[in-house]
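Numbering (our numbering), first residue to last: 205 to 590. Below is one structure, written out as structure tokens; comments come after it.
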Ligand code: V47
């Protein structure tokens, strides 16, 4: 960006500016000044960013913010296996195409032994370092079932990080067992749990939750569960499911609530914006469509700009497709999630992406986007530089 002039500068390194593609509006002007000074953005800034249609300016600002906060050209990914212990769920979230009731033919609940056998078989094929496991809130299991799963997987694969169960599932375990969130998390950690994934957050605003996930725990419970995990030294991830009934104010509110918790605990490893996929959900019957690529890039950029205390923003390629994820790396994202063996939640809802991306192929995509591919473990320690 040339000194005082505002706009997207398209000069090459060491060259004079060729042209200015776009001119920033006054609110983006003041936001740019804050980003340059490494100042925190506020609610109004968040709204102005979401209301802007100057996509390239948003991407450039987000990339600037990422670099100003110490970001480099390194882009992370992890080799992981997705497991779902059960698809039986008592909650009828309107956005979900994955959950079934126990009586439906497609219902399954895997035993700990089946999950271990499956994971060991997959391990012969791929050298994953992480198991990412989530599932429905089944009323037909007890808390010991979850502890057994974690213990059995850890015993079978002591060197694999177990990133298991959303805060919603943890809350469900407290209902099943009568134990506190702290006790449930402590017992799971003792059995081998390493971290929590970020699902279940949806959108925190009461209005949205009532409309799309009326049977789900209150957002304060989701946040409190993560607060408790962080206090116990269990790192977690965080998400926002966007592109359904929420408005821009509710998106900003969600991001700022996550930021406030991160100020308190520093326990979030990464944020993942999740684009709503309507296929096979009640919203498909109402004619709802996918988010656009422009929405997805905007959400990546705004997340990076507002979440100034979360180091990693994931462009989840399974959700957005690899070509868009490559562009997202220039809009503030620094992680493409992983090799993802057998994802089911987004594919039940219409995702067309291949579910397994070989490590070398993932590295090639990252390099083709002009970034340096770094394979990481769950805790963002380098495993291999490609
Ligand atoms: O909690 C469900 C969302 C989440 C749909 O922590 C849907 O690293 C879009 O949390 N369209 C599960 N979204 C996935 C998840 C996740 C994914 C990748 C990485 C991490 C991480 C976490 O997916 C659910 C819900 O919020 N979801 N159905 C749907 N039709």
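Ideal Cβ placement from N, Cα and C applies to all residues, glycine included.
Classification of residue i by the beta-carbon crowding that lies within 10 angstroms, buried from 16 upward
i           : result
residue 367 : buried
residue 258 : buried
residue 312 : exposed
residue 219 : Note that residue 219 scores a pLDDT of 39, beneath 50, so its modelled location is shaky; the value from the coordinates is reported in the next line. The residue in question, residue 219, is exposed, as its Cβ has fewer than 16 Cβ neighbours within 10 Å.
residue 490 : exposed
residue 514 : buried
residue 279 : buried
residue 447 : buried
residue 379 : exposed
residue 403 : buried
residue 289 : buried
residue 481 : buried
residue 344 : exposed
residue 244 : exposed
residue 579 : buried
residue 358 : buried
Local conformation of residue i per DSSP, three classes
i           : result
residue 429 : helix
residue 446 : strand
residue 353 : helix
residue 594 : Lying outside 205 to 590, the shown extent of the chain, residue 594 is not represented and no answer is given.
residue 237 : helix
residue 345 : coil
residue 588 : strand
residue 504 : helix
residue 440 : strand
residue 478 : strand
residue 247 : helix
residue 494 : coil
residue 511 : coil
residue 472 : strand
residue 434 : helix
Residue of the options minimising C-alpha distance to residue i
i           : options               : result
residue 337 : 347, 329, 399 and 386 : 399
residue 391 : 436, 360 and 364      : 436
residue 363 : 588, 252 and 582      : 582
residue 287 : 414, 479, 528 and 401 : 401
residue 536 : 434, 346, 575 and 333 : 575
residue 284 : 460, 458, 543 and 550 : 543
residue 361 : 396, 245 and 555      : 396
residue 461 : 511, 449, 492 and 434 : 511
residue 548 : 339, 323, 275 and 384 : 339
residue 472 : 349, 584, 501 and 424 : 584
residue 495 : 554, 530 and 538      : 554
residue 525 : 492, 561, 534 and 493 : 561
residue 551 : 498, 325 and 483      : 483
residue 416 : 254, 353 and 449      : 449
residue 476 : 468, 369 and 541      : 541
*Does the region 316-323 touch the region 565-576, meaning 3 or more C-beta pairs lie closer than 8 Å?*
Taking 8 Å as the limit for Cβ pairs, the verdict is that the region 316-323 does not touch the region 565-576.
*Entirely within the region 254-333 and at least 4 residues each: give me those alpha helix (DSSP H) ranges in chain order.*
Listed in chain order, they are 259-272 and 316-329.
_Any 3 or more C-beta pairs closer than 8 Å across the region 359-376 and the region 420-429_ = Enough Cβ pairs lie closer than 8 Å, so yes.
*Which runs of the alpha helix (DSSP H) spanning at least 4 residues fall entirely within the region 515-585, listed in chain order?*
Secondary structure in the region 515-585: the alpha helix (DSSP H) runs of 4 residues or longer, each lying completely within the stretch, are 521-524, 526-532, 549-552 and 563-572 in chain order.
*Taking 8 Å as the threshold, find out whether the region 233-240 comes into contact with the region 495-505 through three or more Cβ pairs.*
Taking 8 Å as the limit for Cβ pairs, the verdict is that the region 495-505 does not touch the region 233-240.
*Taking three-plus beta-carbon pairs below 8 Å as touching, is the region 300-311 in contact with the region 264-271?*
No, because fewer than three Cβ pairs between the region 300-311 and the region 264-271 fall closer than 8 Å, the two stretches do not touch.
_Three or more C-beta pairs below 8 Å linking the region 406-415 and the region 442-462_ = Taking a cut-off of 8 Å on C-beta distances, the region 406-415 touches the region 442-462, as three or more cross pairs fall below it.
*Can you find at least 3 beta carbon pairs, one from the region 518-527 and one from the region 259-266, that sit closer than 8 Å?*
Per the Cβ contact rule, the region 518-527 is not in contact with the region 259-266 (fewer than 3 Cβ pairs under 8 Å).
*Mind listing, in chain order, the continuous alpha helix (DSSP H) runs of no fewer than 4 residues lying wholly within the region 379-420?*
Those alpha helix (DSSP H) runs which fall completely within the region 379-420 and span 4+ residues are 385-395 and 410-416.
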